Every structure is written in C-alpha cells, then in structure tokens.
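Visitor: Take this structure first; my questions come after.
Numbering (the numbering used here), first residue to last: 179 to 383.
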C-alpha cells in the first residue's frame with residue numbers, strides 16, 4: 179500500500195513537471211510567431227522643397243515605394259534596419275500637373291539617374307539612424323531621426339542636394355520655374371535644402 183502511494187505521488191509529480199514544461203514551450207512558440215514586417219502600402223514619403231529668398235515651402239510626395247530587400251523581425255526597429263528601397267521618380271506628385279512635369283523633366287531629367295531613387299536604412303540608436311541614399315548616381319549618407327509609437331514609425335531628415343552634386347539639376351529647375359521662384363526682391367532662387375518626412379505602419383506578420 180505504501181509503495182502504491184509513493185508511486186502515485188511520483189507519477190503526479192512527473193505529470194505536473196511535464197505539463198509546466200509544455201506550457202512554457204507553448205508560450206515560447208507564441209512569442210516567436212510575433213514578427214513585424216514593413217509594408218509598402220502603409221508607407222508614405224512626403225517632402226518639402228523651398229523657393230524664393232523668403233524660403234517659401236513647396237510640398238509634394240512620392241506615391242510609390244518598393245522594398246527591394248526586407249525581412250520580418252522580432253521588433254520594429256530591426257524590421258526597419260537594413261531595409262532597402264526604391265522610389266520611382268514617376269510617382270512624384272505635388273497636386274500641380276505643370277509643376278510635376280517640370281520636376282520630372284527638368285530637375286530629375288538633368289541627373290545621371292533619372293528614373294529612380296534608391297536607399298538603405300541603418301537604425302543606429304533608439305532615436306536616430308541614417309540612410310545610404312543614392313541619387314544622381316551618387317550614394318551619400320543622410321542622417322535621420324525617428325519616433326516609434328506603437329506600430330507606427332515616423333522619420334525625418336533634411337537633405338542638402340549639393341551632397342549629391344545636384345547643382346545642375348537645381349539650376350535647371352530654377353530656370354524653368356523662374357516666374358514661380360522669383361520673390362518680391364526680384365531674385366529667382368531654388369534652395370538645395372529638402373525636408374523629408376516618412377511614416378510607415380509596421381504590420382504584424
């Protein structure tokens with residue numbers, strides 16, 4: 179009888195331990211299935227350029243972005259890190275057809291690579307990183323700051339087009355937009371500074 183009792187207790191103990199292990203294993207598997215991935219359809223790329231001596235803003239966006247290299251990750255920062263993208267210049271939109279044509283033909287048309295902008299994101303700290311941006315046949319680092327709010331990531335950057343040797347493209351745009359880029363002081367000016375704002379919702383895969 180005593181042996182039977184000990185056997186029962188031992189069996190109950192083994193079953194309890196086994197159940198706990200299975201529970202932990204199942205919990206671990208659930209955590210491993212939570213992966214984040216960047217989605218092209220939930221990503222917006224907006225920009226602000228400037229004209230005249232008064233530095234009046236001209237706003238626009240690129241309506242299409244293609245992720246040429248992306249991978250699911252266990253957290254949002256890693257999902258963005260090493261992300262490679264391609265932006266077709268044809269997707270440029272400013273809500274002004276005439277301006278769109280001038281930008282595509284005179285600005286981007288004066289560059290070595292006229293059809294696409296490419297880049298690779300590197301997330302360095304919890305609030306900053308950089309983009310290896312390729313424009314006009316030149317790859318240059320563009321510092322960025324970013325904020326994560328839940329599954330939404332927003333990034334900001336200010337680029338100087340001189341770093342991509344785009345002076346000729348800026349001059350060509352300034353010439354074709356002379357009427358619109360001349361201020362009250364009579365000076366026609368197109369700034370080389372462009373502000374970039376990116377927002378993307380990181381989906382759970």
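Positions of the beta carbon are idealized from the N, C-alpha and C atoms, including for glycine.
Predicted model, so just to flag it, every value in this text is computed and none were measured.
Expressed to the nearest angstrom, what Euclidean distance is found between the alpha-carbon atoms of residue 277 and residue 379?
Guide: Roughly 30 Å between the two C-alpha positions.
Visitor: Only counting runs of 4 or more residues, tell me where the alpha helix (DSSP H) segments fall wholly within the stretch 262-328, in order along the chain.
Guide: Listed in chain order, the complete alpha helix (DSSP H) runs (minimum 4 residues) inside the stretch 262-328 are 275-280.
Visitor: So, are the CB atoms of residue 330 and residue 374 less than 8 Å apart?
Guide: Taking 8 Å as the Cβ cut-off, residue 330 and residue 374 do not qualify as a contacting pair.
Visitor: What does the alpha-carbon distance come out to for the pair residue 298 and residue 365?
Guide: Those two C-alpha atoms are separated by around 37 Å.
Visitor: Kindly indicate the opening and closing residues of the alpha helix (DSSP H) around residue 256.
Guide: Run containing residue 256: 254-258, per the alpha helix (DSSP H) assignment.
Visitor: Is the Cβ-Cβ distance between residue 265 and residue 309 less than 8 Å?
Guide: For residue 265 and residue 309, no; Cβs fall outside 8 Å.
Visitor: When the Cα atoms are used, what is the spatial distance from residue 271 to residue 244?
Guide: Rounded to whole angstroms, residue 271 to residue 244 spans 16 Å at the Cα level.
Visitor: For a test of the three-state rule: what should DSSP assign to residue 243, helix, strand or coil?
Guide: Note: residue 243 maps to coil in three-state DSSP.
Visitor: Whole angstroms is fine: what's the gap from residue 455's alpha carbon to residue 325's?
Guide: Coverage of the chain is limited to positions 179 through 383, which leaves residue 455 absent and any answer about it impossible.
Visitor: Does the beta-carbon of residue 383 have 16 or more other beta-carbons within 10 angstroms, so that it is buried, or is it exposed?
Guide: It is exposed - the Cβ of residue 383 has fewer than 16 other Cβ atoms within 10 Å.
Visitor: May I ask which residues mark the beginning and end of the alpha helix (DSSP H) holding residue 341?
Guide: Here residue 341 belongs to no alpha helix (DSSP H), and DSSP marks it neither H nor E.
Visitor: Which same chain residues, not among the five before or five after residue 369, have their C-beta less than 6 Å away from its C-beta?
Guide: Correct list, in chain order: 228.
Visitor: For a quick check, are the C-beta atoms of residue 332 and residue 377 less than 8 Å apart?
Guide: Yes, the Cβ-Cβ distance between residue 332 and residue 377 is below 8 Å.
Visitor: If you run the structure through DSSP and keep just helix, strand and coil, what is residue 350?
Guide: Helix at residue 350.
Visitor: Between residue 327 and the rest of its own chain, which residues show a CB-CB distance below 6 Å, the 5 nearest in sequence each way excluded?
Guide: Counting only Cβ-Cβ distances below 6 Å, and skipping sequence neighbours, we find nothing.
Visitor: How long is the line joining the alpha carbons of residue 359 and residue 285, rounded to whole angstroms?
Guide: Taking the straight line joining both Cα atoms gives about 14 Å.
Visitor: Nearest to residue 306 by CA position, among 312, 320, 346 and 349, is which residue?
Guide: Comparing Cα positions, the closest option is 320.
Visitor: I need the DSSP call for residue 249, collapsed to helix, strand or coil.
Guide: Three-state DSSP puts residue 249 in coil, outside helix and strand.
Visitor: Does the separation of the CB atoms of residue 386 and residue 231 fall below 8 Å?
Guide: There is no way to answer for residue 386, as the model of the chain reaches only from 179 to 383.
Visitor: For residue 363, which residues of its own chain have a beta-carbon under 6 Å away from its beta-carbon, when the five flanking residues on both sides are left out?
Guide: So the list reads 231, once near-sequence residues are dropped.
Visitor: Alpha carbon to alpha carbon, what distance is there between residue 287 and residue 339?
Guide: In a straight line, the C-alpha of residue 339 is about 15 Å away from that of residue 287.
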